[in-house]
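In the working numbering, the protein residues as written are 60 to 186.
Rendered as structure tokens:
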């Protein structure tokens, strides 16, 4: 008998269930990588959606009914604070999101001179 082969088979036999458990139980890893959903603060509503391989921004002023749809966000930031940026002419729309606090986003809008013209904290709607 080859003792090395038996020892290796024994070690692999004990480790196989652990490997299977790691590969089959992945719900913890399956966290969203983007703030998909609807967020609002009573005056502004923003929906972020992933469609046709691109992030989309649907913004609505709830007082006036004015709305805007943008597609194709540029992603920057860090793993702890992600920034999604869309452009519309000279205007830049940014959504900052922290995966550890998935129920809120910060929406900022900058004009062509780089001046911030909107800065709102919006909370997720989970109806």
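Note that CB positions come from ideal geometry on N, CA and C, so glycine has one too.
*DSSP bridge partner residues for residue 175 (one or two, in chain order)*: In the DSSP assignment, residue 175 is bridged to 169.
*Going along the chain, which residues of its own chain have a beta-carbon closer than 8 Å to the beta-carbon of residue 108, five neighbours each way excluded?*
Short of 8 Å from the beta carbon of residue 108, and not among the five residues preceding or following it, lie these beta carbons of its own chain, in chain order: 95, 114, 115, 117.
*Would you mind giving the Cβ-Cβ distance between residue 157 and residue 133, rounded to the nearest angstrom? I have them listed as a contact below 8 Å.*
Contact doesn't hold; Cβ gap of about 18 Å is too wide.
*Should residue 177 and residue 147 be called a contact, given that it needs their Cβ atoms to be closer than 8 Å?*
For residue 177 and residue 147, no; Cβs fall outside 8 Å.
*From what residue to what residue does the beta strand (DSSP E) around residue 127 run?*
126–130 is the extent of the beta strand (DSSP E) around residue 127.
*Tell me whether residue 157 sits in a helix, a strand or coil according to DSSP, three-state version.*
Residue 157: coil per DSSP, three-state reduction.
*Nearest to residue 93 by CA position, among 102, 169, 104, 138, is which residue?*
Closest by alpha carbon: 138.
*asked:* I'd like the list of long-range same chain contacts for residue 99, defined as Cβ closer than 8 Å, with 5 residues on each side in sequence excluded.
replied: Closer than 8 Å at the Cβ level, and outside the excluded window around residue 99, lie 105, 121, 181, 182, 184.
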